[in-house]
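If you read the sequence shown in UniProt numbering, its first letter stands for residue 1, the second for the next number, and so on.
The block underneath contains the structure these notes are about, expressed in structure tokens.
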Amino acid sequence: MTGVEVFEGQRSRMFGLAYRMLGSAAEAEDVVQDAFLRWHRADLDAIDTPAAWLTKVVTNLCLSRLSSARMRRESYVGPWLPEPVRTGDGALGPLETVEQRELVSLGVLVVLERLTAAERAVFVLREAFGYQHREIAGVLDVDEVRSRQLYARARRHVAEARRRFPADRERHAEIVRRFFAAAVEGDVAGLTELLAEDVVSWSDGGGKATAARRPIVGRDKVLRYLGGFRQRPEFAQVDSEFAEVNGQLAVLLRWGGALAAVFVPEVDGDRVTALRSIINPDKLHAVANLRSP
């Protein structure tokens, strides 16, 4: 097997690691390309375990990018949300359990932004890829005790923000479809029944598309926001479809055939607790050509 073939065999796993670390498909692709250049220059005969070598390279490339990424996000216009990616084709690896899907959800990726870079690396390697602390210590050049400390802190932060009663996949899809139907029809009673009292809506336009600059908090305010959206002139020309994005059922909205928004409701039990809308055109490339099966 050639060096290129070995690398390509690891590409999907490297992308999944980089995406979970950075929350950006575009940056994850850049990291994978940088890793390839390093792989190309390396003495491959001296690398006993390519997967371990590439994991360390990708992790450290991500750690180097996180500081500058966070500085850019501090000046970001309006709420920042992760770049959505399609997951129905296995782009982020197997998502067979509730826990696996939740780890790539937009909600958890937002929580990971609150961790330190080292905490995020340990959490991702341990939770998403099953690395032992001995292996993680080798990737990060720390001892096992430090790895365990970082993991404990990260896990505590994430656990505090996770949904208390996650719906199973079928129930989640049913609620999302009911919610979207009610929103399209202007069914206020139906929306009131489905929205949690403390629901929060985030819209990421990045200053490049019209979007609320602050989170909208509370059922009544979100209802007014959804009603206003429905009254916009372009609403009549919107085409919509359901698709799996970040392990969850999402709604893709298209104007004139072009993807204009990815709309991802978050469900806790039988209620929608959060609405996340990605409208920034720079963040829509990874799902722009996604079609429902």
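Think of the CB as a built atom: it goes at the ideal place given N, C-alpha and C, for glycine as much as any other residue.
Since the model is a prediction, treat every value here as computed from it, not as a measurement.
- Looking at the DSSP output, ARG276 bridges to TRP202 and VAL264.
- The closest CA to that of TRP53, considering only LEU106, ARG70, TRP39 and GLU244, is found on TRP39.
- If you check the CB distance, GLU102 and TYR151 do not come in under 9 angstroms.
- Scanning its chain for C-beta atoms nearer than 7 angstroms, with the 5 sequence neighbours on each side dropped, one finds around TRP255 the residues GLU234, GLN237 and VAL238, in chain order.
- The residues TYR19, GLU83, VAL85 and ALA286, in chain order, have a CB closer than 7 angstroms to that of ALA25 in the same chain once the five nearest residues on each side in sequence are set aside.
- Distance check between ALA258 and each of ASP268, ILE279, ALA137 and GLU266 places ILE279 closest, using alpha-carbon atoms only.
- As the crow flies, the alpha-carbon of ARG214 is around 21 angstroms from that of VAL267.
- The residues SER203, ALA261 and PHE263, in chain order, have a CB closer than 6 angstroms to that of SER277 in the same chain once the five nearest residues on each side in sequence are set aside.
- Secondary structure note for SER105: it is in no beta strand (DSSP E), with a DSSP letter that is neither H nor E.
- Counting other Cβ atoms within 10 Å of its Cβ, SER64 stays below 16 and is therefore classed as exposed.
- Between the C-alpha atoms of GLU96 and ARG169 there is a straight-line separation of about 10 angstroms.
- With fewer than 16 neighbouring CB atoms inside 10 Å of its own CB, LEU37 falls in the exposed class.
- CYS62 has its alpha-carbon roughly 31 angstroms from the corresponding atom of PHE242.
- Look at the segment 126-196 and you find these whole runs of alpha helix (DSSP H), each 4 residues long or longer: 133-140, 144-161, 169-185 and 188-194.
- Fewer than three pairs of CB atoms, one per stretch, sit closer than 8 angstroms, so the segment 172-182 makes no contact with the segment 44-53.
- Using a C-beta cut-off of 8 angstroms, the segment 179-186 makes no contact with the segment 120-138, since fewer than three inter-stretch Cβ pairs fall below that distance.
- Using a 10 angstroms sphere on the CB of SER105, the tally of other CB atoms reaches 16 or more, which defines it as buried.
- When DSSP states are grouped into helix, strand and coil, ALA212 belongs to the coil group.
- Burial of VAL245 is indicated by the presence of at least 16 other C-beta atoms within 10 angstroms of its C-beta.
- Restricted to the UniProt domain "RNA polymerase sigma-70 region 2" (11-70), not a single beta strand (DSSP E) segment is unbroken, complete and at least 3 residues in length.
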